[in-house]
Amino acid sequence: MTRTNGYAARLRRDTEGEDRQTSHERWLLTYADMITLLAAFFLMLYSMSVMNQGKFTALTDSLTGRTRASEEPMKVRMSEDLKKQRAEYQQALKNLVQFVEQNRMSGRVALRAEERGMVISLVSDDLLFERGHADLKGASVPLLGQVRQILQTMPANTIQIEGHTDNLPIKTVQFPSNWELSTARASAILRTFTEKFGMPQSRFLASGYAETKPLVVNNSETNRVRNRRVDIILLKTEAQRNAELIRRTALEQKNQRDSSPTP
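So this note's numbering is basically just the index in the sequence shown, starting at one, shifted up by 12.
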C-alpha cells in the first residue's frame with residue numbers, strides 16, 4: 013500500500029437487469045442531487061469549528077429541539093471561512109458536472125456517499141486506461157483536474173485511491189494477476205495528483221483490490237465494465253465521524269421522543 017438549479021447531468025441507469033442490490037447507486041447524479049447528498053459534509057465541517065463540548069452539546073440540543081423553555085434554540089452560524097469553503101466546493105462540483113456532460117462522459121463517472129466518506133468513481137475502460145494496461149491516458153488528465161478541484165476544497169481529509177478490476181484473469185509479464193494491475197492503476201492516479209498537480213503526498217493512500225469488491229455481479233460485459241474502475245474516496249476525518257455519530261444519536265433520541273405517547 014502506498015502513502016481519497018440547472019447544472020443537471022444526465023443520469024444513465026443500466027436497464028439490462030443487473031443485480032438489484034445495487035439499485036441505490038445512481039450513475040451521474042444531477043447537480044442538485046449532489047448538493048443534497050453532500051449537505052451532511054458541511055454539518056460535519058461545522059463540528060471542526062466548535063471549540064468546546066458545551067457549544068457542541070448546545071448544537072446537539074438545537075438539532076433535537078431539546079432546549080429549556082427559557083432558552084432560544086441555538087442558531088448555527090457558519091464562519092466566513094466555512095461559507096467560502098462551501099461555495100468553493102459547490103463551484104468545483106458544478107464544474108465537474110458540466111465537464112462530464114460536455115465531454116459525453118455520463119455513465120462513466122459516479123458519485124456516492126458511503127460510511128467512510130464521499131466516493132468519486134471513474135470507469136477505467138476508454139476513460140482512464142487501455143484494457144489490461146496501467147498507463148494513464150493523456151485525455152483523462154483534464155477530468156482528474158476537475159476532481160482535484162473538489163479534493164482541494166477539503167484539505168483536512170485523507171484521499172484514498174482504489175483500483176478495481178472485473179473477474180477476468182490477466183497474466184502478463186508486467187501484471188501476473190489483477191492484484192498487480194489494480195494496484196498499478198491506483199498508483200498511476202495518485203502520481204497524477206501528486207506529481208502533475210502538486211498535491212501533497214501525505215494526503216494520499218493507494219491500494220488495489222483486484223476483483224474482490226465488485227459493484228455488480230460479473231455476469232455480463234456491461235457489468236464487468238462497471239466493475240473495472242478507480243474509486244477516489246474523500247475519507248471522513250475523526251472530527252467528522254464524531255460529529256456524524258452525535259448527529260445520528262441526537263436524531264434517534266428526537267424520533268423516540270416524538271413517537272412516545274403523550275401522557
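Just so it is clear, CB atoms sit at the ideal spot from N, CA and C, and this is done for glycine as well.
Which class does Thr-14 belong to by DSSP, given the choice of helix, strand or coil?
-> Note that Thr-14 scores a pLDDT of 45, beneath 50, so its modelled location is shaky and nothing firm can be said.
Taking Glu-233 as the reference, which of Asp-137, Arg-203 and Ala-99 has the closest Cα?
-> It is Asp-137 whose Cα lies nearest to the Cα of Glu-233.
With which residues is Ser-133 paired in a DSSP beta bridge?
-> Ser-133 pairs with Ala-122 and Asp-243.
Alpha-carbon to alpha-carbon, Gln-97 and Arg-197 = Pairing Arg-197 with Gln-97, the inter-Cα distance amounts to about 30 Å.
Thr-165 and Ala-125 closer than 8 Å at C-beta | Note that the C-beta distance between Thr-165 and Ala-125 is not below 8 Å.
Which residue's Cα is closest to the Cα of Thr-170: Glu-250, Ser-271, Gly-144 and Val-135?
-> Closest in C-alpha terms to Thr-170, from the list Glu-250, Ser-271, Gly-144 and Val-135, comes Glu-250.
Three-pair Cβ contact test at 8 Å for the stretch 220–232 versus the stretch 147–159 | Segment contact: the stretch 220–232 against the stretch 147–159, fewer than three CB-CB distances shorter than 8 Å; contact not assigned.
Contact between the stretch 235–242 and the stretch 181–190: three or more CB pairs below 8 Å?
-> Counting Cβ pairs under 8 Å, fewer than three are found: no touch.
By Cβ distance below 7 Å, which residues in the same chain neighbour Lys-152 in space, the five residues on each side in sequence not counted?
-> Per the sequence shown, the amino acid found at residue 152 is Ser instead of Lys. Excluding sequence positions up to five before and after Ser-152, its CB lies within less than 7 Å of the CB of Leu-139 and Leu-140, all in the same chain and listed in chain order.
List the endpoints of the continuous beta strand (DSSP E) containing Glu-92.
-> Counted as a single uninterrupted DSSP element, the stretch harbouring Glu-92 is not any beta strand (DSSP E) but the alpha helix (DSSP H) occupying residues 92–114.
Closest residue to Ala-168 among Thr-184, Ser-194 and Ser-214 (Cα-Cα distance) = Among Thr-184, Ser-194 and Ser-214, the Cα nearest to that of Ala-168 is on Ser-214.
3-residue-minimum beta strand (DSSP E) runs that sit fully inside the stretch 144–189, ordered along the chain | Runs of beta strand (DSSP E) with 3 or more residues, each lying fully within the stretch 144–189, are found at 171–176, listed in chain order.
Can you give me the Cβ contacts of Glu-37 inside the same chain, cut-off strictly under 8 Å, excluding the 5 residues immediately before and after it?
-> Residue confidence is low: Glu-37 scores 44 on pLDDT, short of 50, so the model does not pin down where it sits. No coordinate-derived value is stated.
Select from Ile-244, Asp-178 and Lys-95 the residue whose C-alpha is nearest the C-alpha of Val-229.
-> Nearest neighbour of Val-229 by Cα position, chosen from Ile-244, Asp-178 and Lys-95, turns out to be Asp-178.
Can you tell me whether DSSP reads Phe-141 as helix, strand or coil?
-> Residue state, collapsed to three classes: strand.
Figure out for me which residue from Gly-150, Arg-128 and Glu-127 has the closest Cα to the Cα of Lys-208.
-> Shortest Cα-Cα distance from Lys-208 to any of Gly-150, Arg-128 and Glu-127 involves Gly-150.
Using a Cβ-Cβ cut-off of 8 Å, state whether Asp-93 counts as contacting chain D.
-> Judged by its chain identifiers, the structure shown contains no chain D, having just a single protein chain.
Would you identify the three-state DSSP class for Ala-198, choosing helix, strand or coil?
-> When DSSP states are grouped into helix, strand and coil, Ala-198 belongs to the helix group.
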